Amino acid sequence: MKLTIRQLTPDLWPDLEALFGKGGASSGCWCMYWRIGSQYYKRPREENKAAFRRLVKRGPPPGLLAFDGDMAVGWCQLTPRDALPWLNRTRILKPVDDVPVWALSCFYVRRGYRKRGVTSVLIAAAVKAAKRAKAPALEAYPVDTQVPKSTTNIFTGTASTFARAGFKTVACRVPSRPIMRLDLKANRPPEP
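Take 2 as the starting number for the sequence shown in the working numbering and just add one per residue.
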């Protein structure tokens with residue numbers, strides 16, 4: 002399967018809508034959880050959708066879409082961590098240090114495309130995008146599915162997928178939720 006990855010810009014909003022469906026992906030989240038926390042549960046899905054659409058219109062692009070031909074089949078939220086204030090309020094995912102990392106915070110893959118490598122392709126594209134943006138590091142907050150009784154909600158990805166992409170655990174405050182990071186400065190040529 003050959004996927005094309007594109008940044009989510011306003012012209013691609015209909016593709017994101019088609020991917021997320023009426024429900025708005027994860028229980029109507031519309032990728033607002035890491036921005037506003039559990040408040041997203043308490044308001045109508047349409048309000049989350051409208052808030053995320055405003056973010057897309059305002060820019061910069063808040064993530065990447067994977068396409069199989071003309072159909073969006075995957076999504077990942079990719080942004081500076083500072084744009085996701087709820088991460089700082091979550092005890093197990095609070096910042097490790099003061100490095101201005103970018104965050105690869107959630108994924109959504111269309112049914113029929115799951116377990117086919119879409120997430121790995123999105124991670125690779127996110128690494129390239131973060132390098133282009135001169136991010137010093139890219140951070141992720143996956144679930145370690147090897148830990149007994151770990152959550153089945155893997156919208157943040159799995160630790161094994163990030164490990165295969167070269168990410169290393171930099172903190173682990175609960176066994177099933179590591180904070181994983183890829184140092185991007187180490188792979189960048191020195192500036193002239």
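Beta carbons: idealized from backbone N, C-alpha and C, even for Gly.
Source: prediction; values computed, not measured.
Whether residue i touches residue j by CB criterion (8 angstroms)
i	j	result
V148	P176	yes
V102	A136	yes
C77	F156	no
E121	A166	The displayed chain sequence assigns Ser, not Glu, to residue 121. Cβ atoms of S121 and A166: closer than 8 angstroms.
I6	A84	no
R178	I124	no
A130	L183	no
Residue burial classification, residue i (beta-carbon count within 10 angstroms, cutoff 16)
i	result
K186	exposed
Y41	buried
M2	exposed
K50	buried
Sheet register partners of residue i (DSSP bridge)
i	result
Y109	W76
Q8	L65
C173	P179
A138	D184
W103	P81 and L139
T159	V144
Proximity test, residue i beta-carbon vs the ligand MG heavy atom, cut-off 7 angstroms
i	result
L56	This structure does not include the ligand MG; it has no bound ligands of any sort.
Pairs of beta-carbons, one from the segment 47 to 60 and one from the segment 103 to 121, closer than 8 angstroms: are there three or more? No, because fewer than three Cβ pairs between the segment 47 to 60 and the segment 103 to 121 fall closer than 8 angstroms, the two stretches do not touch.
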